[in-house]
Amino acid sequence: MKFVFNSTFSLFHPHSSYSMLKSEKSYFYGKILSSNPELNVTSIDDVTLRHWITIALDQEFGVFGSAAAVEILHRDKETFILSCHKNDQAKLWSCLGSFINQKEGVRLQIIQVSNFLSSFAFA
């Protein structure tokens, strides 16, 4: 049995009707940081985090840029894991890396970006 890589780097058998594609998602592992001693970052809920992500996208790319589909996959105290389509990876990475909420003294730090969710498995 012979497998061939086509121009989109998907692995397929020339005589079959299906192909195995690479992941269409990008994953972000990040942390919420605060310069405000009165703000407890572990008490921030998912709605607030999603609001900050939308604000970051809107500030960097405008109303149409804030329409990127971003999912919060996991939250644990101040850390989070997000996913988005791989075409939005650079956009999300740049806007979250430069986002600072001056009103509440909060910023989002991206620690790791990967195309594979399993790369975030920590010991």
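Residue numbers (the UniProt record's numbering): 1 to 123. Beta carbons: idealized from backbone N, C-alpha and C, even for Gly.
Whole-angstrom distance between residue j and residue i, CA atom to CA atom
i: S98; j: I32; result: 13 Å
i: G65; j: V106; result: 21 Å
i: Q112; j: V41; result: 20 Å
i: L73; j: I110; result: 15 Å
i: W93; j: T48; result: 19 Å
i: N36; j: E104; result: 7 Å
9 Å Cβ cutoff met for residue i and residue j
i: A56; j: C84; result: no
Selected residue, minimal CA-CA separation from residue i, among the options
i: E78; options: N115, S26, D46; result: D46
i: G62; options: I44, K91, R50; result: K91
i: F120; options: R75, S35, R50; result: R75
i: W52; options: Y27, S114, N115, Q102; result: Q102
Simplified DSSP state of residue i, which is helix, strand or coil
i: G105; result: coil
i: F116; result: coil
i: L92; result: helix
i: E60; result: helix
i: K31; result: strand
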